[in-house]
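Going by our numbering, the sequence shown opens with residue 929, and the numbers climb by one from there.
Using N, Cα and C, we set each Cβ at its ideal position, and we do this for glycine too.
Taking it in order: structure first as structure tokens, then the write-up.
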Amino acid sequence: MSGILDLLNSDLGKQIIGGVSQETRQPADKTASVVSMALPLLMGAMKRNASSPEGAAGLMGALDNKHDGSILDNLGGFFGGGVNESAKQDGLGILGHVLGGSQNNVVSALSNKSGVDTDSVMRILTVVAPIVLGYLGKEKKQKSISDQNGIGSLLGGLLGGGEQEQPKQQSLIESILDGDNDGSVIDDVAGMILGGNKSGGGGLLGGLFGK
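Here it is, written out as structure tokens:
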């Protein structure tokens, strides 16, 4: 069972897709495609960062403070009237911290795979980033995680797959982060994490929109 899939197939997930779609003026199906591929990449990048004591400490600090999950309790307020500039700046800061020099690689790969232009992909990621951290913060709190090993295990669990699959899965994610391919392995990541077909998350979109 995948934590990401659970989230996006829930009512909360539909609210997230609807809000991001409205905010970025992208069709809901295109938005869902980008988000479903982006979440494992963002979480994989966080898992890579959290493999060092400094990275884990930074992530834990963010989850203990600003990103404790409260954003999920008021998504209507977050999206209502448009996402404010403070939240957008927060999203940009999160992406810069989590993705670092991999940001352009990730945006290009998602654009190539989804057919959504790079500017729109970046806008989607900026809006989604605080929500992803909030979701992680909520899970951390519920599971009472307080150390580096725990946060790494939590991220691995949310990405799904058995323990034997996770190293391969992380390797595929990191090949996209490092720009070692044009995004072609996103299908493989989506297949492993979303458990669907090889269409970049078609099974997920069927769950979201009844297709």
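For N1109, the secondary structure class from DSSP, reduced to helix, strand or coil, is coil. Taking the CA atoms as reference points, P981 sits about 24 Å from E1093. Of all C-beta pairs linking the stretch 1006-1020 to the stretch 938-955, three or more are shorter than 8 Å, placing the two stretches in contact. Annotated three-state conformation of V1011 is coil, per DSSP. A distance of 8 Å or more separates the beta carbons of L1082 and E1102. Rounded to the nearest whole angstrom, the CA to CA distance from M988 to G1080 is 11 Å. For K975, the closest alpha carbon among the candidates Q1070, A960, L1027, V1113 is that of L1027. As for any alpha helix (DSSP H) of minimum length 4 sitting wholly inside the stretch 1021-1054, the runs are 1031-1042, ordered along the chain. Pairing G1029 with A956, the inter-Cα distance amounts to about 29 Å. Note on geometry: alpha-carbon atoms of Q1076 and G1043 lie some 37 Å from one another. A check of alpha carbon separations from D1115 across L940, A966, S1072 identifies A966 as the nearest. In this structure, D996 lies near K1069, with their beta-carbon atoms less than 8 Å apart. Note that the C-beta distance between V1117 and L1100 is below 8 Å.
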